[in-house]
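Colleague: Encoded as structure tokens, here's the structure I'll be asking about.
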Amino acid sequence: MRPAALALLTLAWAGQALAQTPPCALNGLAPLAVQDEAKAAFLAGRYDAFYRLATPLVPEAKERYGAVIGKLPVLLPSGFADCSTILRRQDPGGMTQEISLFRLKPPGTGVLALLLATAPVGGKDQIIFFSFNEKITQVLEDLR
Numbered sequence: 001m002r003p004a005a006l007a008l009l010t011l012a013w014a015g016q017a018l019a020q021t022p023p024c025a026l027n028g029l030a031p032l033a034v035q036d037e038a039k040a041a042f043l044a045g046r047y048d049a050f051y052r053l054a055t056p057l058v059p060e061a062k063e064r065y066g067a068v069i070g071k072l073p074v075l076l077p078s079g080f081a082d083c084s085t086i087l088r089r090q091d092p093g094g095m096t097q098e099i100s101l102f103r104l105k106p107p108g109t110g111v112l113a114l115l116l117a118t119a120p121v122g123g124k125d126q127i128i129f130f131s132f133n134e135k136i137t138q139v140l141e142d143l144r
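Take the sequence shown: its letters are residues 1 to 144, numbered as in this note's numbering.
What follows is the structure, given as structure tokens:
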């Protein structure tokens, strides 16, 4: 293979790898599909999709949507500027907790902290708990 063709192939492969990196990825750790999908929905302001992913085990989830999600769809209809996962805690039984920070638009106007807890239920990882707050100390209180 010619050096120019090899260079183009390498650049194409690197571009694909970057395009596949989920939002809010935590460097050096394998992604967790259900959490990555939920964080991507939250980032984009697709709160209904986020809520469906975050409440699969809550029988009355539909009825509680407004009380739980609150004014996010009104205050932040287009989601957030960006996000980063700052903590992951994994327990021997399979529960994984992550805290991600979502920067408000325009950047520099604040952040919202999101805690997601995932556990293996019925043979697949599912979100079993979440909380969010503009005060990270409130979210840290939910971390176990």
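The C-beta atom is built at its ideal place from N, Cα and C for all residues, glycine as well.
Fair warning: this is a prediction, and the values are worked out from it, not measured in the lab.
Grab the span of the alpha helix (DSSP H) containing E98 for me, first residue to last.
Modeller: No alpha helix (DSSP H) contains E98, which is instead part of the beta strand (DSSP E) from 96 to 103.
Colleague: Can you name the start and end residues of the beta strand (DSSP E) that F132 belongs to?
Modeller: 124 to 133
Colleague: Can you find at least 3 beta carbon pairs, one from the segment 73 to 90 and one from the segment 102 to 122, that sit closer than 8 Å?
Modeller: yes
Colleague: Helix, strand or coil for L72 per DSSP?
Modeller: helix
Colleague: State yes or no: is the C-beta of I127 within less than 9 Å of the C-beta of A54?
Modeller: yes
Colleague: Less than 8 Å between C-beta atoms, sequence neighbours within five positions excluded: which residues of the same chain meet that for E60?
Modeller: none
Colleague: Could you compute how far the alpha carbon of V34 sits from the alpha carbon of R52?
Modeller: 11 Å
Colleague: Report buried or exposed for L8, applying the criterion of at least 16 other Cβ atoms within 10 angstroms of its Cβ.
Modeller: Residue placement at L8 cannot be trusted, given a pLDDT of 38 that sits under 50; the coordinates are not used to answer.
Colleague: Taking only the alpha-carbon atoms, compute the straight-line gap between L57 and F130 and give it to the nearest angstrom.
Modeller: 12 Å
Colleague: Using the three-state DSSP reduction, which class does R88 fall into: helix, strand or coil?
Modeller: Collapsing the DSSP output to three states places R88 in a strand.
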